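Under this note's numbering, the residues of the sequence shown are numbered 5 to 211, in order. Data first, discussion second: the structure below is written as structure tokens.
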Amino acid sequence: MRLPPARATAILVGVTVVAWAVGSLGPWRDVIPVSAGFIPARVGGLALSGAVPVWLTPLSATLVHAGIFHLAFNMLMLGFCGRYLEPSIGWPGIAILYVTGAYAAAGAQYAVDPSGMAPMIGASGAVSALFAAYALLYGERRGRFREGRLGAALQVLWLAAAWIGLQLLVGLTTVSGGRIAAAAHVGGFLLGLLLAKPLLRLHWRKA
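Structure, rendered in structure tokens:
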């Protein structure tokens, strides 16, 4: 069966790629991560002249990437998950997941490092929300309790535990204090697990 076009997903990928290209090719490429990235210390009152307002930085940070490979991996995951999710939850569902996932990622990063000065950049947190929804809606349940509410609850717990465990391993094996924002990945993923089923029901209720 051929899936319908995933226009919202394509727009997100296109806007992110264009924003990265403009930012990385201009003379301002060294300033953008600081001015547009999410810096936890700014929530506590750290002032940066000329920077994006702190309440917008969870979104602006998704447009900034550390390099072509960072961008390519995130866009590959976004394109794949969004391609299958959008027919199921609609373009509003994709937008809601992506935006709230970005804010959940920033909130989780702030929770573990409220005075952090390193800018969090990249769409990984927002993409993690889409990946969680994809895994929950399309993943196969295993084990004795595959049916009913108990099976659904166990699937959510299993996915959450597996993802948190993976991010902990990534954090432990990353040098220089863990430059990968593992907490942000966890925050986005948990948000995706929370919203996947409600967004699915909402979409088909309106259909």
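The C-beta atom is built at its ideal place from N, Cα and C for all residues, glycine as well. Keep in mind that this is a model prediction, so the values were computed, not measured.
Burial state of residue i, where buried means 16 or more other Cβ atoms lie within 10 Å
| i | result |
| --- | --- |
| Leu50 | exposed |
| Gly181 | At Gly181 the pLDDT is 42, less than 50, meaning the model places this residue with poor confidence and gives no usable figure here. |
| Ala136 | buried |
| Leu67 | buried |
| Leu161 | exposed |
| Ala166 | exposed |
| Val179 | No answer about Val179 holds up, because its pLDDT of 45 lies below 50 and its placement is not dependable. |
| Pro57 | exposed |
| Gly169 | exposed |
| Leu194 | buried |
| Arg33 | exposed |
| Val22 | exposed |
| Val26 | exposed |
Residue i: first and last residue of the uninterrupted alpha helix (DSSP H) it sits in
| i | result |
| --- | --- |
| Ala25 | 11–29 |
| Ile100 | 72–116 |
| Leu7 | Run containing Leu7: none; DSSP gives neither H nor E here. |
| Pro62 | 61–64 |
CB contact flag (residue i, residue j, <8 Å)
| i | j | result |
| --- | --- | --- |
| Ala164 | Leu197 | yes |
| Leu52 | Ser39 | yes |
| Gly105 | Thr13 | no |
| Ala70 | Gly30 | no |
| Trp24 | Leu60 | no |
| Tyr142 | Tyr102 | no |
| Phe77 | Pro62 | no |
| Ala139 | Gly191 | no |
| Met81 | Thr20 | no |
Anticipated Cβ contact below 8 Å, residue i with residue j, distance rounded
| i | j | result |
| --- | --- | --- |
| Pro269 | Pro44 | A question about residue 269 goes unanswered here, because the residues of the chain that appear run from 5 up to 211. |
| Ala115 | Ala200 | That belief does not hold up - the Cβ atoms of Ala115 and Ala200 are roughly 22 Å apart, past 8 Å. |
| Ala109 | Gly129 | 2 Å |
| Gly83 | Val35 | Rounded, the Cβ-Cβ distance is 29 Å, inconsistent with contact. |
| His207 | Gly94 | 4 Å |
| Ala55 | Met124 | About 14 Å separates the two Cβ atoms, so there is no contact after all. |
Those residues which DSSP pairs with residue i across a bridge
| i | result |
| --- | --- |
| Phe42 | Met124 |
Within-8 Å CB hit, residue i to chain D
| i | result |
| --- | --- |
| Ala165 | Absent here is chain D; the protein component of the structure consists of one chain. |
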